[in-house]
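Asks:
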DNA sequence: TAGAAAAATTGACTTAGGTCAAAAAATTAG
DNA sequence: CTAATTTTTTGACCTAAGTCAATTTTTCTA
């Protein structure tokens, strides 16, 4: 969820200082090696993962093909939505594409904190709403833009990062064949 | 949001009886004629609209073409998400495809009720989560299914209703040309 | 640093689905 | 009930993007 953590920070800073302290106590920083998985298909997504540094992706496998559904950069929040909200096994993978520094927030610990500080539920809502609006936009993009328009948009939004991601992963994120993406790039 | 109101009902019934009463007082039943708009582009979506009877759709206009983003049947909740959550003007239309009976819940009235009964925020969250998961699924369908698979899925999920919707609207919902949908239907 | 493996490019060909135009069928209105 | 309008179907043709195969380039590894 792009740039979400900034919005979260804003809300958190509006909360009582003691709630902020309690929340901060739950946050755990972690280092992940390139290629490693933050989440595997079939397991429950027990943490909300804020990307501090590096690049990650979320994908799922369908008909033996990987479909990259999200790319995560600095300040994005990586989470398998259904699995996290309902604490059920999911079908998504989350993978580090580079060395990664992330901050974890455990579902149950956060849940518990919400029972003593109900105003934290607002955070859940903001996260869900933000992701939902992003999804709506992405769906419209898939329906109205052709392959090269989608690529150019991605480039425009993340000019710096895109260099560092393998072509097959960008292609899978854009929903095109690698060969097609390669041709798109060669025509400017 | 498909079949959402049932889930809402479950949660509402878990609330204190006096909160239930207050909530019910906010609900307004309304009749809408076929073809009329429940929401127009540029205006703020001030109500959550539960479909009691009939069929409706949400769409937006892009490059002079209508893109139908959602079809609503009995018990679905019709709302322009971003516009409703943030009470800002939106780019979506919501239109009655048949005579319609709907129940309205006003954003501000509900908001106010939440200040006295914070546990109602849970409802917002459930609505957002439900819609989000539906969107994720729809995006995957667009990326992995071809036109006729999408049509067959829609038929399977709503065998009864689909008869009553014009082909151009179904086509626009499925993201195919009318001619293509017509051909799909003729090949079984 | 050479050789192997992985990633990216390029070419030739195929295909799902779009577009345009016309005819047929269904719906609506006078 | 008939004429007019709208919707749906059908045909011919086009195009964006996929597939398969072969190179070339880059990256890893021993």
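Protein chains in written order, with this note's numbering: chain A, 647 to 834; chain B, 647 to 834.
Positions of the beta carbon are idealized from the N, C-alpha and C atoms, including for glycine.
Note that the coordinates shown come from a computational prediction; the quantities given were computed from them, not determined experimentally.
Taking 8 Å as the cut-off, is the C-beta of residue 765 of chain A nearer than that to any heavy atom in the ligand SAH?
Replies: As far as ligands go, the structure on display features none, and thus does not contain the ligand SAH.
Asks: Rank B/655, B/785, B/709 and B/806 by C-alpha distance to the C-alpha of residue 696 of chain B and give the top, closest one.
Replies: Indexing the second chain from 1 puts residue 696 of chain B at position 50. When only C-alpha atoms are compared, the closest one is B/655.
Asks: Starting from residue 739 of chain A, follow its DSSP beta bridges and name the residues at the other end.
Replies: Residue 739 of chain A sits at position 93 when you count from the first residue of the first chain. According to DSSP, residue 739 of chain A bridges with A/705.
Asks: Considering Cα atoms alone, identify which of B/780, B/733, B/706 and B/681 is closest to residue 723 of chain B.
Replies: As a position in the second chain, residue 723 of chain B is number 77, starting the count at 1. Minimum Cα distance to residue 723 of chain B is reached at B/780.
Asks: Looking at the strands, I want to know which residues DSSP matches up with residue 749 of chain A.
Replies: As a first step, residue 749 of chain A is located in the first chain; it is residue number 103 there, counting from the start. Beta-bridge pairing links residue 749 of chain A to A/675 and A/696.
Asks: Any idea if residue 674 of chain B is buried or exposed, counting beta-carbon neighbours within 10 angstroms, 16 or more meaning buried?
Replies: As a working mapping, residue 674 of chain B is identified with position 28 in the second chain. Residue 674 of chain B should be labelled exposed.
Asks: Is it the case that the stretch 710 to 728 of chain B contacts the stretch 790 to 797 of chain B, given that we only count it when at least three CB pairs across the two stretches are under 8 Å?
Replies: Verdict: no, contact absent.
Asks: Got a sec: is the Cβ-Cβ distance from residue 768 of chain A to anything in chain B below 9 Å?
Replies: Walking along the first chain from the start, residue 768 of chain A turns up at place 122. By this cut-off, residue 768 of chain A is an interface position.
Asks: Secondary structure at residue 661 of chain A, three-state DSSP: helix, strand or coil?
Replies: If you number the first chain from 1, residue 661 of chain A lands on position 15. In the structure shown, residue 661 of chain A sits in coil (DSSP, three-state: anything other than H, G, I, E or B).
Asks: Does any residue of chain B have a CB that is nearer than 9 Å to the CB of residue 709 of chain A?
Replies: Along the first chain, read from residue 1 onward, the residue named residue 709 of chain A stands at position 63. Interface residue, yes.
Asks: Would you identify the three-state DSSP class for residue 744 of chain B, choosing helix, strand or coil?
Replies: Counting from 1 along the second chain, the entry for residue 744 of chain B is found at position 98. Reduced to three states, the DSSP call for residue 744 of chain B is coil.
Asks: Applying the 10 Å Cβ sphere with the 16-neighbour rule, what's the burial state of residue 770 of chain B?
Replies: Within the second chain, residue 770 of chain B is the residue found at index 124, counting from 1. So residue 770 of chain B counts as buried.
Asks: How many Å lie between residue 689 of chain A and residue 735 of chain A at the Cα?
Replies: Along the first chain, read from residue 1 onward, the residue named residue 689 of chain A stands at position 43. Along the first chain, read from residue 1 onward, the residue named residue 735 of chain A stands at position 89. Roughly 5 Å separates the two Cα atoms.
Asks: If contacts are defined as beta-carbon pairs under 8 Å, then residue 807 of chain B and residue 701 of chain B qualify, I think. What distance do you get, rounded to the angstrom?
Replies: As a working mapping, residue 807 of chain B is identified with position 161 in the second chain. As a working mapping, residue 701 of chain B is identified with position 55 in the second chain. So it is a contact: roughly 6 Å between Cβ atoms.
Asks: Closer than 7 Å between beta carbons: that is the criterion. Which residues of the stretch 713 to 742 of chain A meet it against chain B?
Replies: Within the stretch 713 to 742 of chain A, the qualifying residues are 713, 727, 728 and 731.
Asks: Please name the residue or residues paired with residue 714 of chain A in a DSSP beta bridge.
Replies: On the first chain, position 68 is the one that residue 714 of chain A refers to. The partner list for residue 714 of chain A (beta bridge, DSSP) reads A/705.
Asks: Just the C-alpha distance for residue 763 of chain B and residue 813 of chain B, rounded to the nearest angstrom, thanks.
Replies: By 1-based counting over the second chain, the position of residue 763 of chain B is 117. By 1-based counting over the second chain, the position of residue 813 of chain B is 167. Residue 763 of chain B and residue 813 of chain B: Cα-Cα distance of roughly 45 Å.
Asks: Could you tell me whether any Cβ in chain B is nearer than 9 Å to the Cβ of residue 797 of chain A?
Replies: Counting from 1 along the first chain, the entry for residue 797 of chain A is found at position 151. No, no contact with chain B.
Asks: What did DSSP end up calling residue 725 of chain B once you bin it into helix, strand or coil?
Replies: Translated into positions along the second chain, residue 725 of chain B becomes position 79. It is coil, neither helix nor strand.
Asks: Let me check understanding here. Comparing Cα to Cα, which of B/663, B/744 and B/731 lies closest to residue 703 of chain B?
Replies: Here residue 703 of chain B corresponds to residue number 57 of the second chain, with the count starting at 1. Closest option to residue 703 of chain B, Cα to Cα, is B/744.
Asks: Listing by chain order, which chain A residues have their CB less than 8 Å from the CB of residue 805 of chain B?
Replies: One-based indexing of the second chain puts residue 805 of chain B at position 159. The contacting residues do not exist; residue 805 of chain B stays about 25 Å from chain A at best.
Asks: Under a three-way DSSP split, which group does residue 777 of chain B fall into?
Replies: Residue mapping note: residue 777 of chain B aligns to position 131 of the second chain, counting from 1. Helix.
Asks: Going along chain B in order, which residues have a C-beta closer than 8 Å to the C-beta of residue 782 of chain A?
Replies: For the purposes of this step, residue 782 of chain A is taken as residue 136 along the first chain, with counting starting at 1. Within 8 Å Cβ-Cβ: 715, 727, 728 and 781.
Asks: Please report the distance separating the alpha-carbon of residue 752 of chain B from that of residue 693 of chain B.
Replies: Numbered from 1 along the second chain, position 106 holds the residue referred to as residue 752 of chain B. Numbered from 1 along the second chain, position 47 holds the residue referred to as residue 693 of chain B. When rounded, the distance between both Cα atoms is 4 Å.
Asks: In three-state terms, what does DSSP make of residue 734 of chain A?
Replies: For the purposes of this step, residue 734 of chain A is taken as residue 88 along the first chain, with counting starting at 1. Looking at residue 734 of chain A - three-state DSSP - the assignment turns out to be coil, as it is neither helix nor strand.
Asks: Between residue 810 of chain A and residue 720 of chain A, what straight-line distance do the alpha-carbon atoms span, to the nearest angstrom?
Replies: Position 164 of the first chain, counted from the first residue, corresponds to residue 810 of chain A. Position 74 of the first chain, counted from the first residue, corresponds to residue 720 of chain A. When rounded, the distance between both Cα atoms is 14 Å.
Asks: Could you work out which residues of chain A lie near residue 785 of chain B, taking near to mean beta carbons separated by less than 9 Å?
Replies: Sequence index remark: in the second chain, residue 785 of chain B carries index 139 (1-based). Chain A residues near residue 785 of chain B: 715, 781, 784, 785 and 788.
Asks: Measure how close the beta-carbons of residue 848 of chain B and residue 750 of chain B come, nearest whole angstrom, since I'm counting them as under 8 Å.
Replies: There is simply no residue 848 of chain B to check, as chain B begins at 647 and stops at 834 in what is shown.
Asks: Bridge partners of residue 683 of chain A, per DSSP?
Replies: Numbered from 1 along the first chain, position 37 holds the residue referred to as residue 683 of chain A. A/741.
Asks: Are there 16 or more other CB atoms within 10 angstroms of the CB of residue 823 of chain B, so buried, or fewer, so exposed?
Replies: The residue you call residue 823 of chain B lines up with position 177 of the second chain. So residue 823 of chain B ends up on the exposed side.
Asks: Taking buried to mean at least 16 other C-beta atoms within 10 Å of its own C-beta, is residue 741 of chain A buried or exposed?
Replies: Start at 1 with the first residue of the first chain, and residue 741 of chain A comes out as number 95. Buried: at least 16 other Cβ atoms inside 10 Å.
Asks: Going by C-alpha to C-alpha distance, which of A/708, A/660 and A/832 sits closest to residue 789 of chain B?
Replies: One-based indexing of the second chain puts residue 789 of chain B at position 143. It is A/708.
Asks: Using beta-carbon positions only, say whether residue 682 of chain A and residue 746 of chain A come within less than 9 Å of one another.
Replies: Indexing the first chain from 1 puts residue 682 of chain A at position 36. Indexing the first chain from 1 puts residue 746 of chain A at position 100. In contact: residue 682 of chain A and residue 746 of chain A (Cβ atoms closer than 9 Å).
Asks: Does the beta carbon of residue 687 of chain A sit closer than 9 Å to a beta carbon anywhere in chain B?
Replies: Reading the first chain from its first residue, position 41 is the one you call residue 687 of chain A. Output row for residue 687 of chain A: interface = no.
Asks: On the criterion of 16 or more Cβ atoms from any shown chain inside 10 Å, does residue 670 of chain B qualify as buried, or is it exposed?
Replies: Translated into positions along the second chain, residue 670 of chain B becomes position 24. By the 10 Å Cβ count, residue 670 of chain B comes out exposed.
Asks: Is DSSP giving residue 690 of chain B helix, strand or coil here?
Replies: Here the question's residue 690 of chain B lines up with position 44 in the second chain. In this structure, residue 690 of chain B counts as strand in the three-state DSSP scheme.
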